[in-house]
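Notes for the one structure printed next.
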């Protein structure tokens with residue numbers, strides 16, 4: 001094993017040199033990884049001992065154990081900034097000694113824009129097929145030792161067979177929202193979000209031995225999320241998912257990996273099982289901790305009181321000293337460290353007479369030669385409104401938010417806003433406003449010069465979960481989730497009357513999403529939400545509006561009944 005690990009170190013050094021001339025060097029040089037292969041080189045499972053990661057000089061993992069077993073679907077969870085995405089990148093780039101027979105697909109970016117159609121891009125698996133054919137040839141020379149792996153390789157080659165490939169690729173694209181016409185559309189004509197779906201379709205089509213998905217639902221609508229949940233539930237190999245959606249993790253995962261305190265802790269079952277098991281373990285741990293602390297306190301008091309008394313009492317005190325030393329040598333139970341609870345806050349916005357937004361006979365199309373997105377729509381909004389917009393991609397949910405804000409004007413009809421109404425719209429491109437070479441504190445003080453004292457700004461930013469060095473380091477060193485928190489602080493400090501939230505949960509951890517939900521529920525203004533997170537919608541929305549077929553229709557049930565309706569549609573389509 002030592003020789004094998006040395007060879008891997010040499011290979012990794014070569015890879016570092018190979019990237020000297022491009023941008024990837026910056027990323028790789030800021031991340032250092034070590035680990036030792038602890039499983040058999042030909043095993044179907046992966047075990048890495050002494051797994052450590054340092055990123056920008058900060059230790060994310062120290063001598064942790066990574067264990068991934070075939071057939072298991074792992075949800076990787078942890079607070080924003082703990083290193084989940086960095087860990088996936090380290091695995092995806094083979095910066096730890098994963099045997100070569102494991103093919104890894106790490107979904108990181110959208111497919112490149114080209115003249116190839118969506119369907120062609122998904123079916124392009126020649127590289128993987130050739131690799132498997134070469135591996136099969138090598139395994140056939142090994143005799144019985146490589147028999148199990150050879151059987152698996154032949155199964156993979158059968159899946160990639162051209163006779164079945166097109167049907168399977170079309171099924172995946174359809175599930176992710178591509179119509180027949182869209183499947184034949186060149187990738188250069190798609191937005192980045194749709195090209196990311198094509199990359200996801202490729203990953204599902206190839207079915208790698210290790211599939212790494214970092215927030216795979218970020219670019220999906222609710223329909224596609226439900227389909228993907230059903231698809232991944234049947235995944236037969238190794239799957240590791242980072243997701244902020246508890247609902248999604250409950251539907252897919254067989255195991256949970258909790259990344260915290262520089263360690264990886266493993267739990268069986270889905271997310272709800274993890275929560276229950278962790279609560280029970282922490283309760284027992286605190287009981288044990290309190291028992292030990294009581295024992296230690298009593299022994300120390302006895303030693304202090306009788307250590308210099310009579311010979312008999314002194315001997316008893318010495319005996320207790322030995323017991324105390326033995327307890328410490330064997331290791332004391334750690335006190336449970338709770339995840340830090342955040343408290344978001346939106347400033348009081350005052351009152352405005354309703355309706356604050358009135359939409360009358362509104363129709364909209366982006367150009368005369370483009371189809372109508374909305375036709376003769378009417379509704380009103382006030383500061384009591386708590387609405388979630390749902391519906392398939394392309395139905396116009398984000399477009400409706402822009403019409404309400406005033407970024408777009410209706411083709412026909414009126415969108416009337418109260419003269420004193422202040423609207424703030426959160427969307428995924430808001431991170432572009434951040435000046436990444438600046439710290440969060442300097443950026444906020446530049447945006448709000450009326451705040452003169454740094455300590456005052458520190459308190460404002462600290463409310464959104466950025467503390468200490470996170471406030472003063474360049475924002476490019478922050479995780480995506482931490483940058484999102486800066487954006488929320490910037491947005492909330494503007495004191496809007498109405499929040500338009502377009503996929504606000506992208507890149508946020510579950511604790512932050514819960515804090516956001518509490519802040520929305522405490523907010524005294526109006527809110528319209530577009531989200532693929534069923535749980536957040538269930539927490540904050542009083543009304544569900546379906547955007548579909550050029551109109552907006554109130555849904556009679558709650559969001560969970562809407563999800564069941566989507567499941568019924570998918571089951572019917574599959575039949």
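In UniProt numbering, the protein residues as written are 1 to 575. We put the CB at the ideal spot given by N, CA and C, even for glycine.
Residue i vs residue j beta-carbon contact at 7 Å
| i | j | result |
| --- | --- | --- |
| residue 435 | residue 443 | yes |
| residue 201 | residue 172 | yes |
| residue 413 | residue 361 | yes |
| residue 383 | residue 557 | no |
| residue 88 | residue 223 | no |
| residue 64 | residue 264 | yes |
| residue 73 | residue 253 | yes |
| residue 534 | residue 563 | yes |
| residue 45 | residue 39 | yes |
| residue 221 | residue 393 | yes |
| residue 379 | residue 515 | no |
| residue 482 | residue 80 | yes |
| residue 98 | residue 35 | no |
| residue 489 | residue 451 | no |
| residue 216 | residue 103 | no |
| residue 210 | residue 121 | no |
| residue 274 | residue 267 | yes |
| residue 466 | residue 418 | no |
Close beta carbons around residue i, own chain, < 7 Å, minus the five adjacent residues each side
| i | result |
| --- | --- |
| residue 411 | 363, 364 and 365 |
| residue 439 | 471, 472, 473, 474 and 475 |
| residue 397 | 389, 391, 530 and 547 |
| residue 441 | 454, 457, 458, 461, 471 and 472 |
Proximity winner among the options, relative to residue i (alpha-carbon distances)
| i | options | result |
| --- | --- | --- |
| residue 159 | 520, 236, 379 and 569 | 236 |
| residue 543 | 387, 117 and 272 | 387 |
| residue 68 | 146, 212 and 379 | 212 |
| residue 282 | 498, 330, 305 and 337 | 337 |
| residue 109 | 541, 97 and 92 | 92 |
| residue 182 | 39, 241, 118 and 512 | 118 |
| residue 191 | 311, 43, 479 and 114 | 114 |
| residue 295 | 231, 41, 255 and 326 | 326 |
| residue 354 | 71, 381 and 346 | 381 |
| residue 424 | 494, 203 and 350 | 494 |
| residue 234 | 204, 367 and 314 | 204 |
| residue 75 | 85, 32 and 242 | 242 |
| residue 269 | 510, 257 and 402 | 257 |
| residue 105 | 144, 179 and 239 | 239 |
| residue 429 | 403, 185 and 507 | 507 |
| residue 550 | 484, 518 and 371 | 371 |
Neighbourhood of residue i by C-beta distance below 6 Å, restricted to the same chain and skipping five residues each side
| i | result |
| --- | --- |
| residue 546 | 390, 391, 553 and 555 |
| residue 299 | 320 and 324 |
| residue 123 | 165 and 169 |
| residue 193 | 219 |
| residue 232 | 252 |
| residue 47 | 38, 39 and 67 |
| residue 498 | 423, 525 and 526 |
| residue 24 | Interpretation of residue 24 is limited by its pLDDT of 39, a score under 50 that renders its predicted location unreliable; the figure taken from the coordinates is listed afterwards. So no residue of the chain qualifies. |
Buried versus exposed call for residue i [16 or more other C-beta atoms within 10 Å across all chains shown]
| i | result |
| --- | --- |
| residue 155 | exposed |
| residue 260 | exposed |
| residue 164 | exposed |
| residue 22 | Reliability of the predicted coordinates at residue 22 is poor, the pLDDT of 34 falling under 50, and the value obtained from them is presented with this limitation in mind. So residue 22 counts as exposed. |
| residue 330 | exposed |
| residue 541 | buried |
| residue 420 | exposed |
| residue 459 | exposed |
| residue 512 | buried |
| residue 573 | exposed |
| residue 167 | exposed |
| residue 290 | exposed |
| residue 26 | With a pLDDT of only 39 at residue 26, under the threshold of 50, the placement of this residue in the model should not be trusted, and no figure is reported. |
| residue 246 | buried |
| residue 496 | buried |
| residue 367 | exposed |
| residue 560 | exposed |
Beta-carbon proximity list for residue i, same chain, < 8 Å, skipping 5 on both sides
| i | result |
| --- | --- |
| residue 531 | 388, 501, 503, 504, 505 and 537 |
| residue 250 | 270, 271 and 272 |
At 3 residues or longer, and completely inside the stretch 185–226: list those beta strand (DSSP E) runs for me, N to C.
210–214
4 or more residues per run - each alpha helix (DSSP H) lying fully within the stretch 258–315:
271–306
Segments assigned alpha helix (DSSP H), at least 4 residues, entirely inside the stretch 460–494
469–472 and 480–492
Ordered list of alpha helix (DSSP H) runs contained in the stretch 81–131, each at least 4 residues
84–92 and 118–123
Unbroken stretches of the beta strand (DSSP E), 3 residues or longer, contained in the stretch 363–393:
374–381 and 386–390
Any beta strand (DSSP E) of 3 or more consecutive residues that is wholly inside the stretch 37–63
46–55
May I have a chain-ordered list of the alpha helix (DSSP H) segments no shorter than 4 residues that lie completely inside the stretch 399–444?
none
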